[in-house]
Structures are given as C-alpha cells and as structure tokens.
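All remarks here apply to the structure that follows.
Protein chains: 2
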Amino acid sequence: MQNKEMAQRVRLFIETCRRHQLKITPQRVGIYRILIQSKRHPTADLVYRAVKKEFPNISFDTVNRALSTFAEIGVVEVVETFGGPKRFDPDIKDHHHLHCMACGRIIDFEYEGYARLEVPKAIASTFKVISRRVVLKGLCDTCSAKQQMF
Amino acid sequence: MQNKEMAQRVRLFIETCRRHQLKITPQRVGIYRILIQSKRHPTADLVYRAVKKEFPNISFDTVNRALSTFAEIGVVEVVETFGGPKRFDPDIKDHHHLHCMACGRIIDFEYEGYARLEVPKAIASTFKVISRRVVLKGLCDTCSAKQQMF
DNA sequence: TGACAAATAGGAACTAATCTTATTTAAGAG
DNA sequence: CTCTTAAATAAGATTAGTTCCTATTTGTCA
Numbered sequence: 176m177q178n179k180e181m182a183q184r185v186r187l188f189i190e191t192c193r194r195h196q197l198k199i200t201p202q203r204v205g206i207y208r209i210l211i212q213s214k215r216h217p218t219a220d221l222v223y224r225a226v227k228k229e230f231p232n233i234s235f236d237t238v239n240r241a242l243s244t245f246a247e248i249g250v251v252e253v254v255e256t257f258g259g260p261k262r263f264d265p266d267i268k269d270h271h272h273l274h275c276m277a278c279g280r281i282i283d284f285e286y287e288g289y290a291r292l293e294v295p296k297a298i299a300s301t302f303k304v305i306s307r308r309v310v311l312k313g314l315c316d317t318c319s320a321k322q323q324m325f
Numbered sequence: 176m177q178n179k180e181m182a183q184r185v186r187l188f189i190e191t192c193r194r195h196q197l198k199i200t201p202q203r204v205g206i207y208r209i210l211i212q213s214k215r216h217p218t219a220d221l222v223y224r225a226v227k228k229e230f231p232n233i234s235f236d237t238v239n240r241a242l243s244t245f246a247e248i249g250v251v252e253v254v255e256t257f258g259g260p261k262r263f264d265p266d267i268k269d270h271h272h273l274h275c276m277a278c279g280r281i282i283d284f285e286y287e288g289y290a291r292l293e294v295p296k297a298i299a300s301t302f303k304v305i306s307r308r309v310v311l312k313g314l315c316d317t318c319s320a321k322q323q324m325f
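Chains as they are written, first to last, in my numbering: chain A, 176 to 325; chain B, 176 to 325.
In structure tokens form, the structure reads like this:
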C-alpha cells in the first residue's frame, strides 16, 4: 500500500472515531495501521503480535477490544468463518470471499456479475437486508496444486 | 418433518456412514435425528442438551466429535458464522443464508435467481470452487419490527 | 461367538474471548 | 497551558468453547 493511501485511510479512520466520540489513542491508530496493511484477514491474536512490535506492552485485551469497537463503528468488518477465532477485514467496500478449505486462506474478489445480487422479494418484504456477499468454498491455487501431486 | 421423510434421511445417513467405514452407533443416529429436526442451525452444545434427553450419559465430546465427523463425510455442514461457537446445518442442498445481526438467527432460503452464480473466470482458472452461497446480513422480521418501535 | 479396531464417557487441558480493577491518558473547559 | 473527568489501557483472572487423553465399551467382521 502506498504511504499516501495509508495516510488517507488513517485520516478517515480518525474522523470516524471522532464522529463516534471515541478517543484517538496511539494504540488504536497502531492497531488500525497494522490491520489495513494485512491482506490475511487476521485474528485478534495475529494483530496483537504484530502491533506488539511497536507497542511492546500493549495487552491482548486492548487489541481485541479495539477491533470489536472498530467493527461496531463500521471501520472494519468481522469476516464469516467456519469455526475458529474471529477474523477481521479492513476492506469495507462490497466484495466477495473465497475460503480455501485446506489452508484457511480467505481470498477477496470483486465481480461485476455479482454487483447487484437482487434480494428475493419474499426476503426483501420481511427482512431488512444490510449487506450481501457471495461466499465460495474451495481450494486456493497453492493447495489445489498440492492435491494434484497425490 | 414427516416420519417417513425422517426415516428416509436416516437411512441415507446410515448408508453414507457405511460408505465411509464409520460404525453405526445409537449415539450417532440419535445425534443425527436431533439435528435434522432442528431448524435453528444449532451449536454442538444445543445438540448435546437435546440428545441428552434420550442418552442421559452421553458426553459432550461424543456429540461434538460426531458432528465434526458428519461434516467430514458431508452429511451435515458447518455454517458460516461471525465469531462464536460452531453451528451445524443438516440441509446439504444448495441454499442461501440470511443472518439476523440482532438475534443471531440464520434463515435458509432458496432462490432461482442465484441458482447458477457463475464464478468469475479469474477465480475459476486458479481456484477449485467446491460450493457457493449468498450470505445476507440484516434484521429478521421479528427484530426489524422491534426496532421500528424506537 | 470371539477378536479387534473404533467409538464412548469422563475429565483434564487448551484456546479464544471477556471481565475486573487499578492506573494512565485524551481531550474539552477554563 | 493546566486541570478535570470520563474513557481507555495493562495485567491478570475468569468464563466459554473445543480438543485431547485414557480406560472402558461396543459395533462389525471373520
């Protein structure tokens, strides 16, 4: 990620925090910076270990609480998983996911064809739909290559 | 569910277990029967508490292991969640999910319009896609009614 | 009917998430 | 710039969810 883009996203993040009357602490900014640099939909623990390099005595709880707070104000998203620890996604634009069942990697993709997944009338009339996503399960390039060998 | 349909599904379940060299134990059958009667995508703990009525000294581990085994051989599915305990779905037909963010309910639906969600070429050429599902987040009828009151 | 691998019960161990409390700090008021 | 106060943090304890371990039991096949 470009330095410039990063700075821009951090600015936006800070703005959103202010709008929600959240204090801008160095820890929160550090956590957010780590998160937007990660392409791996990390767990709280992974973020904790990364941010610990910059803040050696930050506590796990601070990281975990920050991530939950970020999700509440909508600057990050909790990703759908199939058990295991929560994973966080700093990309809040509409996009879709492929889950590799072998290595657990989650690959983001955007696709025009899914752009306006209409909601069935029967659903739309009774439920308030907030977000839509296509979730694919499969094997990523690396793992399907490995399988071929057997 | 009709008695007849139930018996048929259990027969199929037993067949699949045999195909995978799994022993047909009364516990496994009991757990499976509970699961196919549930419309709530229950957690292991919920299944455990229900099946305990029939098998008073079944252990949680037996239930949990059975459910994982069932998922491995494909007779049930682990449902996508946003943190929290694993949830299991006895419906292995293609279908989609609406997650109520307020009460946690997961509503199944089928929709012709999603029937063949084509996979983008860029994905299809590098990944082996095994299943596809549309995941909607929102508020269910009951919860959106409650919100209206404020 | 007997032999054996697989499954179960029960409890221990482990991992993830949340809570508690004392201390520190961001940010608005003066 | 300093003071005040509510909010946030660190550290450790607690709880929830899941998996592991071991002795015992039980399906299944010969």
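No residue lacks a Cβ here, since even glycine has one placed at the ideal position from N, Cα and C.
- Within the segment 250-264 of chain B, the residues whose Cβ lies closer than 7 Å to any Cβ of chain A are, in chain order, 253, 255, 256, 257, 258, 261.
- Judged by DSSP in its simplified three-state form, residue 255 of chain A adopts coil rather than helix or strand.
- Rounded to whole angstroms, the separation of the alpha carbons of residue 250 of chain A and residue 267 of chain B is 34 Å.
- In terms of CA proximity to residue 209 of chain B, B:263 leads the group B:280, B:263, B:257.
- Within 7 Å of the CB of residue 201 of chain B, no CB atom of chain A is found; the nearest one sits about 26 Å away.
- Of the residues A:219, A:195, A:215, A:196, the one whose Cα lies closest to the Cα of residue 206 of chain A is A:219.
- For residue 298 of chain A, the nearest CB of chain B lies under 8 Å from its own CB, placing it at the interface with that chain.
- The closest CA to that of residue 322 of chain A, considering only B:316, B:303, B:312, is found on B:303.
- DSSP places residue 288 of chain B in the helix class (H, G or I) of the three-state scheme.
- Flagged as an interface residue toward chain B: residue 308 of chain A, by a C-beta distance shorter than 8 Å.
- The secondary-structure analysis by DSSP pairs residue 282 of chain B across a beta bridge with B:273.
- A residue is called buried once 16 or more other Cβ atoms fall within 10 Å of its Cβ, and residue 231 of chain A, having fewer, is exposed.
- Here the segment 211-227 of chain B does not lie against the segment 222-230 of chain A, with fewer than 3 beta-carbon pairs under 8 Å apart.
- Contact annotation for residue 305 of chain A against chain B: 276, 311, 312, 313, 314 [CB-CB distance below 9 Å, chain order].
- Per DSSP, residue 317 of chain B has no beta bridge partner at all.
- By the Cβ-count criterion, residue 307 of chain B is buried, with 16 or more other Cβ atoms from all chains shown falling within 10 Å of its own Cβ.
- Take the alpha-carbon of residue 279 of chain B and the one of residue 311 of chain B: they are about 12 Å apart.
- Taking C-beta atoms as the reference points, residue 295 of chain A and residue 259 of chain B fail to come closer than 8 Å.
- Judged by DSSP secondary structure, residue 179 of chain A falls within the alpha helix (DSSP H) whose first and last residues are 178-194.
- Pairing residue 298 of chain B with residue 273 of chain A gives a Cβ-Cβ distance under 8 Å.
- DSSP places residue 293 of chain B in no alpha helix (DSSP H); its state is neither H nor E.
- Rounded to the nearest angstrom, the gap between the Cα atoms of residue 319 of chain B and residue 282 of chain B is 14 Å.
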